[in-house]
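Novice: Mind looking over this structure? Questions follow.
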Amino acid sequence: MFDVMYKTDGIGLSAPQVGVNVQLMVFNPAGVKGEGEEIVLVNPVVYKFSKRLSVYEEGCLSFPGIYANVLRPDTVKIDAQDASGAKIKVKLSELSARVFQHEFDHLQGILFFDRMTMDVVESIHEQLKSLEDKYVEITGQASPETISNYRGTKDVVSFSR
């Protein structure tokens, strides 16, 4: 998964993004192989998050070329397992917290535009529609979901407990 992440200029990737239905994510906030720390988290659970929220521009490997502002908690505390299966508790802040939350959302079936305000979603509407059109062109099938039918965003903080 790290190879896919680096080849696509990502800093995080969740297993469902590559067609693997397991609760696993990888990330490296440096985004460069050999730099920063490569983090593997299995079965992560958020048990605490900060009340302080920040807006930051995010992109997503599932939606190439689309970047927009997303509001998220500044810090999160999590339980997970590492790559060897050992149980770990981690407090993440700054970019690591944001990348974790983005990838954790994928594990919950939530996409980054689900966390955007409707004004922000509207500002990227045409880009999302263009990706839908490209999907139809490549696959010959209708897009399973369309931005035109999009019903709204999720709460900024709605982690399962």
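What the sequence shown shows, in my numbering, is residues 1166 to 1326, in sequence order. Just so you know, even glycine gets a beta-carbon here, dropped at the ideal spot from N, CA and C.
Looking at the structure shown, is R1280 part of a helix, part of a strand, or coil, going by DSSP?
Specialist: Residue state, collapsed to three classes: helix.
Novice: Could you name the residues of the same chain whose beta carbon sits closer than 6 Å to that of K1299, not counting the 5 residues immediately before and after it, in chain order?
Specialist: Cβ within range, chain order: n/a, list empty.
Novice: Does DSSP put S1325 in a helix, in a strand, or in coil?
Specialist: Note that S1325 scores a pLDDT of 49, beneath 50, so its modelled location is shaky and nothing firm can be said.
Novice: Considering only DSSP beta bridges, list what T1173 is partnered with.
Specialist: T1173 is not bridged to any residue.
Novice: Roughly how many angstroms lie between the CA atoms of Y1315 and M1190, to the nearest whole one?
Specialist: Spanning the two alpha carbons is a distance of roughly 26 Å.
Novice: Looking at the structure shown, is Y1300 part of a helix, part of a strand, or coil, going by DSSP?
Specialist: Y1300: helix per DSSP, three-state reduction.
Novice: For L1296, which residues from the same chain have a beta carbon less than 7 Å from its beta carbon, with the 5 sequence-adjacent residues on both sides left out?
Specialist: Result list for L1296: F1228, in chain order.
Novice: Mapping DSSP to helix, strand and coil, what is N1208?
Specialist: Looking at N1208 - three-state DSSP - the assignment turns out to be strand.
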